[in-house]
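Encoded as structure tokens, the structure appears first; notes follow it.
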Amino acid sequence: MWWFQQGLSCLPVALVVWSAASFVFSYITAITLHHVDPLVPYISDTGTIPPERCLFGIMLNISALLGMATMYVRYKQVHALNPERSKIIKLNKIGLTLGLMSCFGLCIIANFQKCILYYIHVLGACLTFGVGAIYMLVQTVLSYLMQPEVHSKDIFWIRLTVLLWCCSSIVSMFVSSVVLYSGLYGTNLVQKLHWDPQEKGYSAHIISTVSEWSLAFSFLSFFLTYIRDFQKISLRAVVSLHGQTLYNTPQSFVTDEETLLVAGSI
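The sequence shown begins at 530 in the numbering used here and counts up one residue at a time.
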């Protein structure tokens, strides 16, 4: 059995690989069609003009579904490992809520393009990466609380390092974006897809775009730390039959005992 076939480790692997592919394929398509500059455009700019916009939207919507599934499995795993620790249970529920909000933000990014509905797109980005960073913080705290009984110290330090990488990228992107869009370098920069290195504001633009790519991949890298944990978990769906037929008649109900049908492992 290969390592990605153990337990549910294929889930975070699929999330990371598919999400990274959505960025890379959109970038390659946009560059090939000369819709953006080759040197580090905004990720959102690579999904603004058709046909890459269609590819970008479809792939990110699937990423959102994979993210929801990954975060839910992580929630169930932490709950199963700590059934009587109220502090961890509360943090775990908060983490799941934040994670689902982050996935919803990713759907907004996928379906509301930057150059068309800018403020809604920014709202989606704040939900995805802002709330997502808080989700990472909650999971890092959970890793700290569960060591050394459940988690090793190494995985805590790895997650803390990725969290700091993500936070530094957020700060760098925020500061450079504020400087870029302050009005000092012209107006209507949101619609601008091509930059000349000699233009004013080009340095701030590059810092902002590099920070965005760094932020995206730091966020994805966090889910790579789930792989070893997910190798030790599997889910099983159990269907409870209350009757021998699907007709809504009194004779169809089982009164003496409940028949269980095991559907198999997911």
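Even glycine gets a Cβ: it sits at the ideal position worked out from N, Cα and C.
Collapsed DSSP secondary structure at residue i in the structure displayed
i	result
ARG582	helix
ASP566	coil
GLY536	coil
ILE638	helix
HIS680	coil
LEU693	helix
HIS723	coil
GLY712	coil
CYS644	coil
ARG614	coil
ASN621	helix
MET597	helix
MET675	coil
THR575	helix
ASN717	coil
Exposed unless 16 or more other CB atoms sit within 10 angstroms - verdict on residue i
i	result
THR774	exposed
THR577	buried
ASN767	Looking at the sequence itself, residue 767 is Val, so the reference to Asn does not match. Classification of VAL767: exposed, given that the 10 Å Cβ count is below 16.
ASP758	buried
LEU693	exposed
HIS564	buried
ASN621	buried
ILE617	buried
ARG765	exposed
SER877	The structure shown does not extend to residue 877, since the chain is modelled only from 530 through 795, so no value can be given for it.
GLN668	buried
VAL670	buried
VAL548	According to the sequence displayed, residue 548 carries Ser and not Val. Answer is buried; the Cβ neighbour count reaches 16.
THR599	buried
SER538	buried
GLY536	buried
Own chain, CB closer than 7 Å to residue i, minus 5 neighbours either side, in chain order
i	result
PRO567	ILE560
THR738	VAL569, PRO570, TYR571
LEU753	PRO541, VAL545
ALA662	CYS695, CYS696, ILE699
SER706	SER737
PHE782	With a pLDDT of only 47 at PHE782, under 50, the local geometry of the prediction cannot be trusted, and no value is derived from it.
TYR776	none
8 Å CB neighbourhood of residue i in its chain, flanking five on each side removed
i	result
VAL691	MET665, SER747, SER750, PHE751, THR754
GLY586	GLY576, ALA639, ASN640
ASP725	TYR731
GLU868	The shown model of the chain, from 530 to 795, leaves out residue 868, and the question about it has no answer.
Cut-off 6 Å between Cβ atoms - residues of its own chain near residue i, not counting five sequence neighbours on either side
i	result
SER555	THR575, GLY576, GLU581, LEU584, PHE585
TYR601	none
SER573	LYS643
SER673	The displayed chain sequence assigns Tyr, not Ser, to residue 673. PHE685, listed in sequence order.
MET588	SER551
VAL708	ALA733
GLY793	Note that GLY793 scores a pLDDT of 45, beneath 50, so its modelled location is shaky and nothing firm can be said.
Residue-level contact to chain D via CB, residue i, 7 Å cutoff
i	result
GLU678	No chain D is present in this structure, which holds just one protein chain.
Q | Contained beta strand (DSSP E) runs [length at least 3] in the segment 728 to 774, N- to C-terminal order | A | 765 to 770
Three-pair Cβ contact test at 8 Å for the segment 654 to 669 versus the segment 625 to 637:
yes
Does the segment 737 to 752 come close enough to the segment 698 to 710 to have 3 or more Cβ pairs within less than 8 Å? yes
Margin query: Under 8 Å, with one C-beta from each stretch per pair, do the segment 636 to 650 and the segment 603 to 618 reach the 3-pair mark?
Written below: no
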